[in-house]
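Here is the structure we will look at, set down as structure tokens.
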Amino acid sequence: MPNEPVISLNDVMFSYGGPPVLEDVSFSIAARQAVCVVGPNGGGKTTLIKLILGLLTPQHGEVLLFGEPPRRSRQRIGYMPQHAQYDPLFPVSVMDIVLMGRLGQRGLSGLTGWHGRADRQAAIDALDEVGMKDFGRQPFAALSGGQRQRVLIARALCCKPDLLLLDEPTSNVDSLVEARLLELLRELNQRMTIVMVSHDLGFVSGFVESVICVNRRVVVHPTSQVSGQVIHDLYGGEVRMVHHDEFSHLGPIHD
Amino acid sequence: MIDFFRAIHEAPFLRYALIVGLLASVSLGVVGSYVVTRRITYIAAAISHCVLGGIGAAYYLNVAQGLKWCDPLYGAMAAALLSAVIIGMVSLYARQREDTVISAMWAVGMAVGLLFFAKTPGYVGPAMSYLFGDILLISAQDVWLVAVMDVVVVALGLGFYPKLLAVCFDDEFTELRGVKVKLYYLLLLCLTALTVVLLVRVVGIVLVIALLTLPAAVAGHFAQRLWQMMLVAVLCSMLFVTTGLAVSYPLDLPSGPVIILIAGAVYLAVALVTRLWRRH
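If you read the sequences in order, they're chains A and B. For any residue, its number in the numbering used here is found by taking its place in the first sequence, counting from 1, and adding 336. For any residue, its number in the numbering used here is found by taking its place in the second sequence, counting from 1, and adding 39.
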């Protein structure tokens with residue numbers, strides 16, 4: 337079914353044992369869409385992502401990923417978590433990390449996880465795509481915040497995903513790096529669906545088609561309709577919107 | 040030093056201790072690097088203390104009940120694997136108070152062992168020797184047992200290297216790739232448990248945790264990849280065991296504590312020097 341939604345949630349409720357973190361959540365995302373998930377801290381953004389990934393199961397309602405329960409189809413997701421969660425002292429190279437995107441295959445190499453030539457080539461291609469081809473041998477610890485983000489995106493791309501799910505891709509990176517990331521995501525959106533969590537609506541406003549506002553309940557707005565009033569309702573206060581159009585002349589990420 | 044080499048030649052127990060120590064160092068370096076990077080030293084310590092319960096039970100069956108085949112090391116192995124699985128399950132599924140439950144099991148395991156020792160007729164010395172190690176008790180049979188376990192631990196630890204690395208670095212992402220992360224976490228804890236048992240005779244279950252973590256911690260200052268960390272940790276561990284035995288033997292000191300003190304001193308020195316080095 338070419339037109340089946342990539343993600344669909346139907347009347348979903350979730351709680352960690354106390355009051356519901358999310359309730360009455362219903363929406364769907366079609367193939368090749370680019371959407372942004374926004375909302376205040378503690379509003380349920382991370383919970384929503386974990387429900388989509390199948391790491392959490394809703395108490396009520398249904399989550400479908402490519403028309404199936406997430407646990408069965410989540411290998412089609414390329415997931416990029418926030419890079420700040422990693423132990424900065426972990427002894428691991430960029431290549432080691434990107435190759436993790438090739439885990440979970442069938443057969444003997446799938447059992448032990450040892451990678452072959454095809455896996456290495458896929459990792460090199462993914463690094464090339466994010467403009468980090470020459471960094472394969474570098475220790476992850478030696479990279480800057482923006483470089484780490486790109487390595488984690490490369491790892492997600494190495495999964496050959498149909499859906500790219502990014503958690504805070506612009507946290508702790510400066511605006512120049514941000515503009516380049518946006519350019520990269522625009523390119524990737526030509527061939528895959530993109531869902532990202534972001535604090536920074538201005539960053540994505542020219543790119544995503546709709547905005548998913550999460551604050552216990554979930555409301556989906558087409559980007560064109562996201563007004564100051566919507567944001568005010570969502571965050572309960574004034575939020576300054578910044579447009580980043582001034583970086584659009586910077587060109588693609590490959591130098 | 041020449042005396043030490045002569046003693047190795049003449050005293051079989053010292054030779055056995057050195058062989059066991061060098062063999063175990065390979066497991067220590069490999070498993071210790073996973074434990075340190077995954078930050079589960081505390082869980083490893085709990086497992087190693089629970090081992091006393093199994094040793095006590097096997098010792099009781101062996102001495103008081105006359106079951107001669109029931110070597111305390113078999114009891115240690117069974118208790119180590121059992122406690123690894125139970126503690127692993129607790130740390131995976133107990134959402135709150137994980138540390139409370141694990142500390143309780145740590146103490147309960149030791150209490151069970153001590154009661155078995157108390158109910159076994161004879162001198163209480165054996166309990167102490169399992170807690171802190173006594174190289175005089177190492178037999179040729181122990182060396183063979185350790186060699187076999189060492190091969191098993193190292194083969195599994197290196198055979199699943201890419202998956203264990205991924206589980207240690209980012210278990211959530213690894214789970215999304217369809218890898219049974221919980222299974223590999225339990226495998227890692229079982230390997231840790233067996234590594235602890237390897238060194239029961241040499242340094243004892245209380246001190247072994249230092250030898251599991253300190254070589255890997257020293258290696259962490261130099262290594263940029265996990266396998267490099269393992270390699271350096273294996274060499275460090277071999278160095279600590281050998282110098283510890285060489286120093287303790289002529290001075291007639293217990294080897295376990297001497298080995299641990301050397302490991303601790305080297306770790307402290309490396310940590311201080313790298314800190315000063317970075318400042319300049």
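Backbone N, C-alpha and C fix where the C-beta goes; we use that ideal spot for every residue, glycine too.
Per-residue DSSP class, three states only, for residue i
i	result
B:Asn101	helix
A:Gln495	Residue identity check: residue 495 of chain A is Cys in the sequence provided, not Gln. Correct three-state label for A:Cys495: coil.
A:Gly414	strand
B:Arg321	What the structure shows of chain B is the stretch from 40 to 319, and residue 321 of chain B is not part of that stretch, so it cannot be assessed.
A:Asn346	strand
A:Leu425	coil
A:Ile530	strand
A:Ile544	It is Val, not Ile, that sits at residue 544 of chain A in the sequence shown. Coil at A:Val544, not helix or strand.
B:Ser178	coil
A:Glu519	helix
B:Ser72	helix
B:Arg317	helix
A:Glu504	coil
B:Asp189	helix
A:Pro558	strand
B:Arg77	helix
A:His396	strand
A:Val361	strand
A:Leu524	helix
Proximity below 9 Å, CB of residue i to CB of residue j
i	j	result
B:Ser87	B:Val235	yes
A:Val371	A:Ile548	yes
B:Ile79	B:Ser130	yes
B:Leu251	B:Thr231	yes
B:Ala96	B:Gly152	yes
B:Asp42	B:Pro296	no
A:Asp388	A:Val531	Correcting the residue identity first, residue 388 of chain A is Ile in this sequence and not Asp. Against a cut-off of 9 Å, the Cβ pair of A:Val531 and A:Ile388 comes out as a contact.
B:Phe44	B:Tyr98	no
A:Leu401	A:Gly414	no
B:Leu228	B:Gly127	yes
A:Ser507	A:Ala420	yes
A:Pro497	A:Arg412	yes
B:Cys89	B:Met167	no
A:Pro558	A:Ser534	no
B:Tyr169	B:Gly283	no
A:Val554	A:Ser546	no
B:Leu226	B:Leu195	yes
B:Phe208	A:Tyr422	yes
Spatial neighbours of residue i in its chain, beta-carbon cut-off 7 Å, leaving aside the 5 residues before and after
i	result
B:Ile47	Leu53, Arg54 and Leu57
A:Met436	Arg491
B:Met277	Leu61 and Ser64
B:Leu320	Absent from the structure is residue 320 of chain B, since the part of chain B shown begins at 40 and ends at 319.
A:Arg407	Gly390
A:Pro341	Ser364, Ile365 and Ala366
A:Phe350	Pro356, Val357, Leu358, Thr383, Leu387, Leu392, Pro394 and Gln395
B:Val185	Val59, Leu62, Ala63 and Leu237
A:Val513	Gly482
A:Ala458	Arg438 and Cys494
Same chain, Cβ closer than 8 Å to residue i, neighbours up to 5 away in sequence not counted
i	result
B:Pro293	Phe171, Gly172, Asp173 and Ser287
B:Ala133	Val140
The ligand SAH heavy atom lying under 8 Å from the CB of residue i
i	result
B:Tyr98	As for the ligand SAH, it is missing from this structure, which has no ligand bound.
Proximity to residue i [Cα-Cα], best of the options
i	options	result
A:Asp536	A:Val509, A:Val555, A:Val554 and A:Arg553	A:Val509
A:Ser429	A:Pro475, A:Thr559 and A:Pro406	A:Pro475
A:Gly354	A:Gln395, A:Val550, A:Leu463 and A:Pro341	A:Gln395
B:Val266	B:Glu211, B:Leu203, B:Val90 and B:Thr313	The amino acid at residue 266 of chain B is misidentified as Val; the sequence shows Trp. The option with the nearest alpha carbon to B:Trp266 is B:Leu203.
B:Val273	B:Ala179, B:Arg45 and B:Val70	B:Val70
A:Lys386	A:Cys495, A:Thr448 and A:Pro417	A:Pro417
B:Ser142	B:Ile125, B:Gly161, B:Phe155 and B:Leu62	B:Ile125
B:Val102	B:Pro165, B:Val75 and B:Val140	B:Pro165
B:Thr76	B:Val271, B:Val206, B:Val309 and B:Leu307	B:Val206
B:Val192	B:Glu49, B:Pro51, B:Leu62 and B:Ala50	B:Leu62
B:Glu137	B:Ile82, B:Tyr223 and B:Leu106	B:Ile82
B:Val182	B:Tyr162, B:Leu307 and B:Leu238	B:Leu238
B:Ile301	B:Trp145, B:Val187, B:Tyr132 and B:Val257	B:Val257
B:Leu253	B:Tyr224, B:Leu307, B:Ala133 and B:Ala262	B:Leu307
B:Asp189	B:Leu233, B:Leu226 and B:Leu315	B:Leu233
A:Gln485	A:Gly375, A:Arg516 and A:Arg553	A:Arg516
A:Arg374	A:Ala462, A:Asp503, A:Trp450 and A:Arg522	Checking the displayed sequence, the identity of residue 374 of chain A turns out to be Val instead of Arg. Minimum Cα distance to A:Val374 is reached at A:Asp503.
B:Leu120	B:Val245, B:Lys158, B:Ala85 and B:Thr281	B:Ala85
A:Glu523	A:Leu425, A:Lys469, A:His451 and A:Glu465	A:Glu465
Same chain only: Cβ atoms within 6 Å of residue i, ignoring 5 sequence neighbours per side
i	result
B:Gly114	Gly93, Ile94, Ala96 and Ala97
Suppose only complete runs of 4+ residues qualify. What are the alpha helix (DSSP H) ranges in the segment 194-241 of chain B, listed by chain order?
200-208, 210-215 and 220-237
Let me know the beta strand (DSSP E) ranges lying completely inside the segment 433-498 of chain A, each 3 residues or longer, listed in chain order.
none
Residue ranges of each alpha helix (DSSP H) run of no fewer than 4 residues wholly in the segment 255-314 of chain B, ordered along the chain?
265-290
Those runs of the beta strand (DSSP E) which lie wholly inside the segment 102-146 of chain B and span at least 3 residues
none
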